[in-house]
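Undergrad: Residue numbers (this note's numbering): 31 to 247.
Even glycine gets a Cβ: it sits at the ideal position worked out from N, Cα and C.
Remember, predicted model here, so these are calculated numbers, not experimental data.
Take a look at the following structure, please.
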């Protein structure tokens with residue numbers, strides 16, 4: 031039942047096929063970073079494809095931030111998808127969701143924003159929504175997607191609806207980082223505008239109808 035609702039209301043993660051040439055290029059690039067861990071991306075493929083390929087290797091989780099020079103992630107008190115408080119470093123095994131946090135300029139937020147990567151039985155589903163005041167406030171910037179060691183993280187106990195959240199209760203040193211902008215975000219034309227104060231379910235219910243099919247501005 032929930033899977034049926036997800037398919038109707040939300041957008042699935044993209045299905046990507048990789049050529050042998052593409053995978054070879056990704057393997058070589060992943061081994062090359064600058065002294066501060068920056069991956070100098072110079073490939074003809076979209077960055078979300080590269081990050082998706084890395085996610086399939088099972089070695090990394092991802093964290094997105096406007097801050098481009100984080101050397102150590104410290105646990106912070108935050109709420110899990112189920113509303114429970116925890117003191118942890120947060121990440122996701124799906125790189126699209128962290129990329130949203132990398133490119134969203136938090137200093138330009140006005141009111142609420144809603145987003146997530148939800149775990150279906152065989153697929154992941156995404157939604158990204160800002161209120162109109164934020165959308166009109168030029169909320170996009172460049173940021174970093176950080177690659178963190180997956181072995182240090184665990185997933186919270188699943189609920190009826192579960193998000194692709196991974197947590198670590200200890201400080202985490204990133205393995206590498208990739209600079210991204212709004213043009214790199216796969217869901218750049220699927221960011222909706224919601225009304226402040228409306229229930230989350232209403233945001234979901236009208237999410238697809240509110241996406242225009244044009245690029246985010």
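(1) What number of angstroms, rounded off, separates the C-alpha of residue 61 from the C-alpha of residue 121?
(2) Could you give the distance in angstroms between the alpha-carbon of residue 83 and the alpha-carbon of residue 124?
(3) Taking 7 Å as the cut-off, does the CB of residue 137 come closer than this to any heavy atom belonging to the ligand ZN?
(4) Let me check understanding here. Comparing Cα to Cα, which of 105, 156 and 33 lies closest to residue 219?
(5) Taking residue 101 as the reference, give the member of 115, 108 and 93 with the closest Cα.
(6) Using a Cβ-Cβ cut-off of 8 Å, state whether residue 111 counts as contacting chain C.
(7) DSSP three-state label for residue 212, please.
(8) What does the alpha-carbon distance come out to for the pair residue 37 and residue 45?
(9) DSSP state of residue 236, grouped into three classes?
(10) With which residues is residue 143 paired in a DSSP beta bridge?
(11) Buried or exposed for residue 34, going by 16 or more other Cβ atoms inside 10 Å?
(12) Roughly how many angstroms separate the alpha carbons of residue 193 and residue 140, rounded to a whole number?
(13) Can you tell me the Cβ-Cβ gap for residue 205 and residue 116, rounded? I've got them flagged as a contact below 8 Å.
(14) Of the choices 118, 144, 106 and 69, whose alpha-carbon is the least far from that of residue 40?
(15) I'd like to know whether the C-beta atoms of residue 164 and residue 136 end up nearer to each other than 8 Å.
(16) Do you know offhand how far residue 230's Cα is from residue 99's?
TA: So, to answer that:
(1) 22 Å
(2) Approximately 10 Å between the Cα atoms of the pair.
(3) Summarising the ligand content, the structure contains no ligands, and the ligand ZN is consequently not present.
(4) 156
(5) 93
(6) Of the chains in the structure shown, none is chain C; there is only one protein chain.
(7) helix
(8) 14 Å
(9) coil
(10) Residue pairing by DSSP places residue 143 opposite 160 in a beta bridge.
(11) exposed
(12) So the alpha carbons of these two residues sit roughly 24 Å apart.
(13) With a beta-carbon spacing of about 23 Å, residue 205 and residue 116 fall beyond the 8 Å limit used to define contacts.
(14) Relative to residue 40, the option among 118, 144, 106 and 69 whose CA is nearest is 144.
(15) Against a cut-off of 8 Å, the Cβ pair of residue 136 and residue 164 comes out as no contact.
(16) Approximately 34 Å between the Cα atoms of the pair.
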